[in-house]
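Take the sequence shown: its letter number 8 is residue 8 in the UniProt record's numbering, and every next letter is one higher.
Cβ coordinates follow ideal geometry from the N, Cα and C atoms, glycine included.
The structure appears right after this line, and notes come after that.
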Amino acid sequence: MKQKETENKSEFLFQKKNYMLMLVGVAVIALGFILMAGGGSDDPNVFNEEIYSFRRIRLAPTLVLLGLGIEIYAIMAKSKKA
Numbered sequence: 001m002k003q004k005e006t007e008n009k010s011e012f013l014f015q016k017k018n019y020m021l022m023l024v025g026v027a028v029i030a031l032g033f034i035l036m037a038g039g040g041s042d043d044p045n046v047f048n049e050e051i052y053s054f055r056r057i058r059l060a061p062t063l064v065l066l067g068l069g070i071e072i073y074a075i076m077a078k079s080k081k082a
């Protein structure tokens, strides 16, 4: 009887640590995309140099890649239960 009870018990694929890391990764990716937004011009005849700022060219893509790295780590991190 105990064998059936243990077989029917469902478990999550990841632990709480993995899910928290995934949420942090999604937040970092979202922040990167938010920082990348804007910088355009409403008038097509006027060029806005703001599109080439450090924030949009270096910082935002770095945050997106960092967030993807966090996501990969969160998925690959082993759980402590064996």
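Chain C contact for residue i (CB, 8 Å cutoff)
{"i": "TYR19", "result": "Protein chain content of the structure displayed is limited to a single chain, and chain C is not contained in it."}
8 Å Cβ cutoff met for residue i and residue j
{"i": "LEU68", "j": "ILE29", "result": "yes"}
{"i": "MET22", "j": "ALA74", "result": "yes"}
Backbone CA spacing between residue i and residue j [nearest angstrom]
{"i": "SER53", "j": "GLY32", "result": "14 Å"}
{"i": "MET36", "j": "TYR19", "result": "26 Å"}
{"i": "LYS16", "j": "ILE72", "result": "16 Å"}
{"i": "LYS46", "j": "ARG56", "result": "Here the sequence assigns Val to residue 46, which means Lys is not the residue at that position. Those two C-alpha atoms are separated by around 19 Å."}
{"i": "GLY25", "j": "LYS80", "result": "21 Å"}
{"i": "ASP42", "j": "ILE34", "result": "19 Å"}
Quiz prompt | Complete runs of the beta strand (DSSP E) confined to the segment 37–76 [at least 3 residues] | solution = None, since the segment 37–76 contains no complete beta strand (DSSP E) of that length.
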